[in-house]
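Have a look at the structure below, then the notes.
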Amino acid sequence: GESVGLHLPTLSVQEGDNSIINCAYSNSASDYFIWYKQESGKGPQFIIDIRSNMDKRQGQRVTVLLNKTVKHLSLQIAATQPGDSAVYFCAENGSGANSKLTFGKGITLSVRP
Amino acid sequence: DAGVTQSPTHLIKTRGQHVTLRCSPISGHKSVSWYQQVLGQGPQFIFQYYEKEERGRGNFPDRFSARQFPNYSSELNVNALLLGDSALYLCASSLTRLSGANVLTFGAGSRLTVL
Numbered sequence: 222g223e224s225v226g227l228h229l230p231t232l233s234v235q236e237g238d239n240s241i242i243n244c245a246y247s248n249s250a251s252d253y254f255i256w257y258k259q260e261s262g263k264g265p266q267f268i269i270d271i272r273s274n275m276d277k278r279q280g281q282r283v284t285v286l287l288n289k290t291v292k293h294l295s296l297q298i299a300a301t302q303p304g305d306s307a308v309y310f311c312a313e314n315g316s317g318a319n320s321k322l323t324f325g326k327g328i329t330l331s332v333r334p
Numbered sequence: 002d003a004g005v006t007q008s009p010t011h012l013i014k015t016r017g018q019h020v021t022l023r024c025s026p027i028s029g030h031k032s033v034s035w036y037q038q039v040l041g042q043g044p045q046f047i048f049q050y051y052e053k054e055e056r057g058r059g060n061f062p063d064r065f066s067a068r069q070f071p072n073y074s075s076e077l078n079v080n081a082l083l084l085g086d087s088a089l090y091l092c093a094s095s096l097t098r099l100s101g102a103n104v105l106t107f108g109a110g111s112r113l114t115v116l
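Protein chains in written order, with my numbering: chain A, 222 to 334; chain B, 2 to 116.
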């Protein structure tokens, strides 16, 4: 079946270092891939998305890379800050006239001071 | 402008009971989606409503139902509660029902515990 999943359950980084969070997906028909951040007690918060016809997109301190050949998505966070500590989810937005998201299991990012 | 608001924030029910969860979307958003998030997992799609009609349904039993009102707010109903229904129920709103740059904005969720 279709699935979106993450390689590692937890990631610990030193404050100021760069973080890389990886994700594998299996549905090649998805139009968009999205990264969400979820802090404790809150709902998922949109970080950045990338359309399936792109391979890189940059935001403020974040970059998303899409490798369709190996169905791999990554989120790079530059100069990681304590406020970046959260659970990160990759999700795919299926093609067609709907906004259903299929989420992976999530990875916890812990930033060491 | 207020974000997506959900109520109640926390509730405890016993098996066999039913529950109604409520959601108010961002002003101007016409689409509301519901997701279930079990502890330690990513959210799972339950329903999408747009202009008061069901536009999508996930792999959930008929015990789960929802509706959208003329003001675009929404209710999620779950009947005959099971222990496995314990989860965070998330509501998300968006401008349209289309995919693409249709960013979902999530509420903080309703934490349901079934005893």
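Virtual Cβ for every residue (Gly too), placed ideally from N, Cα, C.
So, helix, strand or coil for residue i, using DSSP?
i      : result
B/G57  : strand
A/L294 : strand
B/L84  : helix
A/L232 : strand
Under the DSSP definition of a beta bridge, which residues are partnered with residue i?
i      : result
A/D270 : A/I255
B/H19  : For B/H19, which the question treats as bridged, DSSP gives no partner whatsoever.
A/Q279 : A/T284
B/V115 : B/K14
B/Y50  : B/V33 and B/E55
B/S8   : B/R23
B/T97  : B/T97 is not bridged to any residue.
B/Y90  : B/Q37 and B/S111
A/N314 : A/Y253 and A/L322
B/Y73  : B/Y73 is not bridged to any residue.
A/S240 : A/I298
A/A307 : A/L330
B/S28  : In the DSSP output, where bridge partners are listed per residue, B/S28 has none listed.
B/A67  : B/L77
What distance in whole Å lies between the Cβ atoms of residue j and residue i, which are believed to be in contact at a cut-off of 8 Å?
i      : j      : result
A/F259 : A/A299 : Correcting the residue type first, residue 259 of chain A is Gln in the shown sequence and not Phe. A/Q259 to A/A299, Cβ: 20 Å. No contact.
B/Y36  : B/Q45  : 6 Å
B/N109 : A/G262 : Sequence check: residue 109 of chain B is Ala here, not Asn. That belief holds up - the Cβ atoms of B/A109 and A/G262 are roughly 7 Å apart, short of 8 Å.
A/A312 : A/G304 : So it is not a contact: roughly 21 Å between Cβ atoms.
A/R278 : A/D252 : Between A/D252 and A/R278 the Cβ distance is about 14 Å, and since that is not below 8 Å, they are no contact.
B/S111 : B/L12  : 7 Å
A/L286 : A/W256 : Incorrect: roughly 11 Å between the Cβ atoms, too far for contact.
Is there contact here, the segment 230 to 242 of chain A with the segment 323 to 332 of chain A, by at least three beta-carbon pairs under 8 Å?
yes
The segment 261 to 284 of chain A: which residues have C-beta closer than 9 Å to a C-beta of chain B, in chain order?
G262, K263, G264, P265, Q266, F267, D270 and R272
Which residues, in chain order, does the segment 37 to 49 of chain B contribute to contact with chain A at a C-beta distance below 9 Å?
Q38, G41, Q42, G43, P44, Q45, F46 and Q49
Would the segment 67 to 81 of chain B and the segment 17 to 32 of chain B be scored as touching if the rule is three or more Cβ pairs under 8 Å?
yes
Cβ contact (3+ pairs, closer than 8 Å) linking the segment 53 to 66 of chain B and the segment 75 to 90 of chain B
yes
If contact is defined by three or more beta carbon pairs under 8 Å, each pair taking one atom from either stretch, is the segment 243 to 257 of chain A in contact with the segment 3 to 20 of chain B?
no
In chain order, what residues of the segment 54 to 67 of chain B put their CB closer than 7 Å to some CB of chain A?
R56 and G57
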